[in-house]
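Per the working numbering, residue 3 is the first one in the sequence shown, and the count goes up by one each step. Ideal placement from N, C-alpha and C gives every residue a C-beta, glycine not left out. For reference, the structure is listed below as structure tokens.
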Amino acid sequence: MNDAAADGSVPSTGFRHLDDRLVHQGHVWHVAVGRFESPDGEVFHRDVVRSPGAVAAVPLLFDAEGTPTVVLVRQYRAPFDDHVLEVPAGMRDVPDEPTDVTAARELVEEVGLEAGQLRHLIDFYPSAGMTNSILYLYLATDLRPVERATHGPEEAHSEVVHLPLRDAVDMVLRGEIVDAKTVIGLLLVERELRQSGSMG
């Protein structure tokens with residue numbers, strides 16, 4: 003995901019990553035103090051959260067009238083001490099697991115849906131100034147209900163929410179849906195359906 007020039011080449015940043023000092027080792031994430039050198043020779047330090055990344059999927063259904071509906075999950079998020087409305091998502095915590103397999107697993111765990119089709123939408127850096135995490139985003143369609151397989155107290159006490167896509171996008175624009183991956187996913191899917199004339 004480097005920024006490539008028109009000819010496909012990747013320009014040098016002029017910065018050098020000299021070394022890392024591990025300050026915290028978590029189950030999935032770890033925190034390091036990185037030492038870097040700028041193009042003019044200045045040595046500086048930055049705290050970096052290193053992560054295997056995460057995967058998310060926008061589950062999309064159509065009702066009998068052809069109106070697109072998304073399936074979200076409202077769950078407790080400890081850093082904010084609040085419940086957050088999100089698309090199903092999870093860390094890449096299984097070594098070497100393909101991202102589409104992780105997305106399919108999270109759909110079952112969080113909203114009890116099995117996807118007949120998973121289509122890759124986009125990859126993005128959720129917080130480039132502090133972590134090397136990449137989020138891999140999918141669109142999930144041809145869905146059928148299965149038994150949820152929740153993990154952990156947050157998922158066990160979560161709520162599955164079905165919303166017309168139009169209403170969900172309105173919630174984004176009103177600042178009521180604030181989770182970044184969910185905002186990006188909903189707006190991408192809404193744009194795609196609007197361009198194809200499938201918004202209902």
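Classify Q197: buried if its beta carbon has 16 or more other beta carbons within 10 angstroms, exposed otherwise.
exposed
Going residue by residue through the stretch 142-170, where are the continuous alpha helix (DSSP H) segments of at least 4 residues, counting only ones entirely within it?
154-158
Put A56 into one of helix, strand or coil per three-state DSSP.
strand
Suppose the cutoff is 6 Å on Cβ atoms and the five residues either side in sequence are ignored; what does the same chain contact list for L190 look like?
L123
What span of residues does the alpha helix (DSSP H) with D102 cover, start to end?
101-113
Inspect the beta-carbon positions of E88 and D22 and report whether they are closer than 9 Å.
no
G10 versus V174 - alpha carbon distance:
Unreliable placement is indicated for G10, whose pLDDT of 49 sits below 50; no coordinate value is reported for it.
Contact under 9 Å by Cβ, S160 with Q77:
yes
Let me make sure I understand the geometry here. Which of Y138, E157, V110 has the alpha-carbon closest to that of K183?
Y138
Suppose the cutoff is 8 Å on Cβ atoms and the five residues either side in sequence are ignored; what does the same chain contact list for P100 look like?
none
Find the nearest neighbour of D172 within the set R48, E192, A158, L115, judged by alpha-carbon distance.
E192
Since G36 sits in a beta bridge, which residues does DSSP pair it with?
D22, R48
Any contact between the stretch 106-118 and the stretch 55-74? By contact I mean 3 or more CB pairs, one from each, below 8 Å.
yes
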